[in-house]
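First residue of the sequence shown: 22, per the working numbering; consecutive thereafter. What follows is a single structure, written as structure tokens, with notes after it.
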Amino acid sequence: AACSPRCRHGGLCLADGSCLCSKGYEGERCQHATCYPKCKNGGECLRPGKCRCPPGYGGRYCHKVSCEGGCQNGGECVSVNGVVKCLCASGWTGSRCQEAICPQGCRNNGACVAPGICSCPAGWVGRACHLAVCKLPCQH
22 AACSPRCRHG GLCLADGSCL CSKGYEGERC QHATCYPKCK NGGECLRPGK CRCPPGYGGR
82 YCHKVSCEGG CQNGGECVSV NGVVKCLCAS GWTGSRCQEA ICPQGCRNNG ACVAPGICSC
142 PAGWVGRACH LAVCKLPCQH
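What follows is the structure, encoded as structure tokens:
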């Protein structure tokens with residue numbers, strides 16, 4: 022028997038010119054890999070048991086929501102209407118929950134380092150770096 026084009030991935034050529042595919046492959050010429058369970062969330066089966074996952078998904082069968090780089094500071098990776106993103110814990114923001122929120126603001130070049138906590142530059146103190154440090158003796 023002649024199969025043209027030939028059977029792929031170890032498929033057997035039958036007398037009628039059709040292919041009997043090896044386990045894990047299907048199609049007229051055994052050209053398509055099959056994944057069981059099937060790849061989820063738009064994943065593509067590359068070879069038996071191996072899926073290529075679209076952005077935002079991971080795991081052997083693309084069944085796990087995956088945020089690139091992970092979520093920080095207690096953030097949770099979620100899929101909302103097909104969009105994968107980090108859902109941040111209270112007090113945090115940013116694509117990976119990497120930025121602290123200081124509702125009071127940090128003045129005088131202070132930096133927000135944790136929720137509600139400013140790191141103040143030399144010469145400034147207070148929750149919002151709004152109080153000047155007096156050098157003794159204080160003038161005012």
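Just so you know, even glycine gets a beta-carbon here, dropped at the ideal spot from N, CA and C. Quantities reported herein were computed from a predicted structural model and do not represent experimental measurements.
Q) With which residues is K71 paired in a DSSP beta bridge? A) Translated into the one-based positions of the sequence shown, residue 71 becomes position 50. Partner residues in the beta bridge of K71, as assigned by DSSP, are R68.
Q. Under 8 Å, do C98 and C107 count as touching if we go by C-beta distance?
A. The count along the sequence shown starts at 1 and reaches residue 98 at position 77. The count along the sequence shown starts at 1 and reaches residue 107 at position 86. Yes, the pair counts as a contact, with Cβ atoms nearer than the cut-off.
ask   = Is the beta carbon of R117 less than 8 Å from the beta carbon of A149?
value = Your numbering for residue 117 matches position 96 in the sequence shown. Your numbering for residue 149 matches position 128 in the sequence shown. The answer is no: Cβ separation not under 8 Å.
- Tell me, which residues are paired with K85 by DSSP? By one-based count along the sequence shown, residue 85 stands at place 64. Note: K85 sits in a beta bridge opposite G79.
**OP:** Sort V104, N130, C139, V105 by Cα distance to A121 and report the nearest one.
**Re:** On the sequence shown, residue 121 is found 100 positions in, with the first residue counted as 1. Closest option to A121, Cα to Cα, is C139.
(request) Would you give the residue range spanned by the beta strand (DSSP E) that I138 belongs to? (result) Taking the first residue of the sequence shown as 1, we reach residue 138 at position 117. Annotation: the continuous beta strand (DSSP E) that includes I138 extends over 138-140.
Original post:
Is it true that the CB of C60 sits closer than 8 Å to the CB of C72?
Top reply: Your numbering for residue 72 matches position 51 in the sequence shown. Your numbering for residue 60 matches position 39 in the sequence shown. In contact: C72 and C60 (Cβ atoms closer than 8 Å).
CA-to-CA distance, G96 to I105, given in whole angstroms = What you label residue 105 is simply residue 84 of the sequence shown in a count that begins at 1. What you label residue 96 is simply residue 75 of the sequence shown in a count that begins at 1. Before going further, note that residue 105 is Val rather than Ile in the sequence given. Going by C-alpha positions, V105 is about 13 Å away from G96.
If you follow the beta strand (DSSP E) that C8 is in, where does it begin and where does it stop?
No statement about residue 8 is possible, as the shown extent of the chain runs from 22 to 161 and does not include it.
Query raised in the report: DSSP on E97, reduced to helix/strand/coil?
Result: Within the sequence shown, residue 97 is the residue found at index 76, counting from 1. Looking at E97 - three-state DSSP - the assignment turns out to be strand.
**Report entry** Three-state secondary structure assigned by DSSP to A132
**Finding:** As a working mapping, residue 132 is identified with position 111 in the sequence shown. DSSP, reduced to helix, strand and coil, places A132 within a strand of the structure shown.
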